[in-house]
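Student: The structure is given below, and queries will be raised subsequently.
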Amino acid sequence: MPELVILGSGTGVPSLRRGAPGLLLFSGNSRILIDSGSGALRNMLKVGVTYRDIDLLLYTHIHPDHTADLVPILFACKYGDLPREKELICAGGPGFRRHFDKMRNLYGSWIEPHTYHLRIKEISSKPLLFGEMKILSEPMAHLPESVGYRIEWRDGKSLVISGDTDYCENIVNLASEADLLVLECSFPDEKKVDGHLTPSLAGRIARESRCKRLLLTHLYPICDQYDILNQCRQVYPGEAILGEDLMGVKI
Ligand SMILES: [Zn+2]
Ligand SMILES: [Zn+2]
164 MPELVILGSG TGVPSLRRGA PGLLLFSGNS RILIDSGSGA LRNMLKVGVT YRDIDLLLYT
224 HIHPDHTADL VPILFACKYG DLPREKELIC AGGPGFRRHF DKMRNLYGSW IEPHTYHLRI
284 KEISSKPLLF GEMKILSEPM AHLPESVGYR IEWRDGKSLV ISGDTDYCEN IVNLASEADL
344 LVLECSFPDE KKVDGHLTPS LAGRIARESR CKRLLLTHLY PICDQYDILN QCRQVYPGEA
404 ILGEDLMGVK I
């Protein structure tokens with residue numbers, strides 16, 4: 164049974180309780196890292212996963228709180244005590260390749276692989292097939308190039324991850340009847356910010372998509388002063404979970 168582990172349930176604002184965004188998906192022998200904020204690389208070690216084990220890196224968008232550990236991952240793959248050998252796929256939405264090329268210009272040979280193959284991909288209308296999984300993406304209401312992902316397994320299970328987004332039809336459609344829907348929930352209802360969700364908007368998306376379970380993450384520090392789950396439950400009667408660092412959720 165696939166399992167999702169939250170490496171960081173917070174944002175770019177430092178918090179002792181919540182690390183920067185990062186989700187680690189265990190599916191069979193595959194290890195997929197979705198976003199890698201600062202500290203994700205180190206937190207992976209707490210669940211026994213190293214820079215050598217990741218098969219696929221998926222990015223929802225290139226804001227630094229979601230991508231800060233990409234360069235350290237590639238640097239470790241090259242200069243770690245054991246060099247990486249298996250292929251690494253690194254994928255994002257439209258424009259990801261351009262972003263990667265800029266990084267490559269900046270860091271040059273320090274991040275250029277020589278013991279493994281690195282494939283850079285942009286996922287758009289064509290799904291990415293990866294092992295038992297089909298990975299679909301849709302644009303989200305955050306940055307022009309932000310995407311959310313839907314991962315479907317051959318046995319019918321599905322996982323949907325919004326990345327950062329405001330309320331939009333795309334996330335409702337992408338999350339349709341998902342077994343697990345992971346939504347960002349940046350601010351409490353009283354402190355709504357454009358381009359982000361609140362607990363009641365997350366609840367509305369969960370209700371409209373008829374997902375089976377909802378997991379809230381990407382919580383700014385102010386969220387910890389409010390009853391986020393209660394705000395969400397006013398709108399969504401299904402099972403809602405408040406994310407915490409290193410929490411594992413089976414799919
Ligand atoms: Zn963010
Ligand atoms: Zn963002």
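With the first letter of the sequence shown counted as 1, position 35 gets the number 198 in the working numbering; the numbers rise by one all the way through. Where a beta carbon is used, it is the ideal one built from N, C-alpha and C, also for glycine. Since the structure is predicted, the reported quantities are computational estimates derived from the model, not experimental observations.
Hey, out of Gly326, Thr380 and Ser325, whose CA is closest to Pro351's CA?
Tutor: Position 188 of the sequence shown, counted from the start, is the residue given in the question as residue 351. Checked all of Gly326, Thr380 and Ser325; the closest Cα to Pro351 is Thr380.
Student: Helix, strand or coil: which one does DSSP assign to Ser372?
Tutor: Looking up residue 372 in the sequence shown gives position 209. Residue state, collapsed to three classes: helix.
Student: Could you spell out where the beta strand (DSSP E) holding Phe189 opens and where it closes?
Tutor: Along the sequence shown, read from residue 1 onward, the residue named residue 189 stands at position 26. Phe189 -> beta strand (DSSP E) spans Gly185 to Ser190.
Student: Reducing DSSP to helix, strand and coil, say where Ser193 ends up.
Tutor: Counting from 1 along the sequence shown, the entry for residue 193 is found at position 30. In the structure shown, Ser193 sits in a strand (DSSP, three-state: E or B).
Student: Would DSSP call Met296 helix, strand or coil?
Tutor: Within the sequence shown, residue 296 is the residue found at index 133, counting from 1. In the structure shown, Met296 sits in a strand (DSSP, three-state: E or B).
Student: Applying the 10 Å Cβ sphere with the 16-neighbour rule, what's the burial state of Gly411?
Tutor: Position 248 of the sequence shown, counted from the start, is the residue given in the question as residue 411. Classification of Gly411: exposed, given that the 10 Å Cβ count is below 16.
Student: I'd like to confirm the pairing. Which residues does DSSP put opposite Thr380 in its beta bridges?
Tutor: Here residue 380 refers to the residue found at position 217 of the sequence shown. Per DSSP, Glu347.
Student: Relative to the C-alpha of Asp198, which residue among Gly171, Arg376 and Arg181 is closest?
Tutor: In the sequence shown, residue 198 corresponds to position 35, counting from 1. Looking at the Cα atoms, Gly171 is the closest of the given residues.
Student: Give me the residue from Ile252, Cys253 and Phe238 with the minimum Cα distance to Pro246.
Tutor: Residue 246 sits at position 83 when you count from the first residue of the sequence shown. It is Phe238 whose Cα lies nearest to the Cα of Pro246.
Student: Using 8 Å as the cut-off, can you tell me whether the segment 367-384 makes contact with the segment 301-313, which would need three or more C-beta pairs spanning the two stretches below that distance?
Tutor: Segments in contact, no.
Student: Indicate, with yes or no, if ligand 2 has a heavy atom lying under 8 Å from the CB of Asp228.
Tutor: As a working note, residue 228 is residue 65 in the sequence shown. Yes, the beta carbon of Asp228 sits closer than 8 Å to at least one heavy atom of ligand 2.
Student: If contact is defined by three or more beta carbon pairs under 8 Å, each pair taking one atom from either stretch, is the segment 338-353 in contact with the segment 275-294?
Tutor: Contact between the segment 275-294 and the segment 338-353 is absent, because fewer than three Cβ pairs lie under 8 Å.
Student: Using three-state DSSP, classify Ile169 as helix, strand or coil.
Tutor: Taking the first residue of the sequence shown as 1, we reach residue 169 at position 6. Residue state, collapsed to three classes: strand.
Student: Alpha carbon to alpha carbon, what distance is there between Pro362 and Gln397?
Tutor: For the purposes of this step, residue 397 is taken as the residue at position 234 of the sequence shown. For the purposes of this step, residue 362 is taken as the residue at position 199 of the sequence shown. C-alpha separation (whole angstroms): 9 Å.
Student: Look at the Cβ atom of Arg260, then the Cβ atom of Leu382, and state whether they are nearer than 9 Å.
Tutor: Here residue 260 refers to the residue found at position 97 when the sequence shown is read from its first residue. Here residue 382 refers to the residue found at position 219 when the sequence shown is read from its first residue. Contact flag unset, no.
Student: What separation, rounded to the nearest whole angstrom, lies between the Cα atoms of Gly202 and Cys253?
Tutor: Taking the sequence shown and counting its residues from 1, one reaches residue 202 at position 39. Taking the sequence shown and counting its residues from 1, one reaches residue 253 at position 90. The alpha-carbon atoms of Gly202 and Cys253 are separated by roughly 18 Å.
Student: Examine chain B for any beta-carbon lying closer than 9 Å to the beta-carbon of Val398, and answer yes or no.
Tutor: The displayed structure is made up of one protein chain only, and chain B is not part of it.
Student: Can you check the segment 203-272 for any alpha helix (DSSP H) of at least 4 residues that lies completely inside it and give the ranges in chain order?
Tutor: Complete alpha helix (DSSP H) runs here, min 4: 203-208, 227-230, 233-242 and 259-270.
Student: Along the beta strand (DSSP E) that carries Val310, what are the first and last residues, could you check?
Tutor: Here residue 310 is taken as the residue at index 147 of the sequence shown, counted from 1. Segment Val310 to Trp316, the beta strand (DSSP E) holding Val310.
Student: Short of 8 Å in beta carbon distance, which residues of its chain neighbour Asn206, apart from the five on each side in sequence? Order them along the chain.
Tutor: On the sequence shown, position 43 is the one that residue 206 refers to. Around Asn206: Leu170, Gly171, Gly182, Gly185, Asp408 and Leu409.
Student: In whole angstroms, what is the alpha-carbon distance linking Leu337 and Leu377?
Tutor: For the purposes of this step, residue 337 is taken as residue 174 along the sequence shown, with counting starting at 1. For the purposes of this step, residue 377 is taken as residue 214 along the sequence shown, with counting starting at 1. For Leu337 and Leu377, the distance between alpha carbons rounds to 14 Å.
Student: For Ser363, does the three-state DSSP call read helix, strand or coil?
Tutor: In the sequence shown, counting from the first residue as 1, residue 363 sits at position 200. DSSP places Ser363 in helix when its eight states are reduced to three.
Student: Verify the contact flag: His280, CB atom, against every heavy atom of ligand 2, threshold strictly below 8 Å.
Tutor: Translated into the one-based positions of the sequence shown, residue 280 becomes position 117. Answer for His280: no, Cβ out of range of ligand 2.
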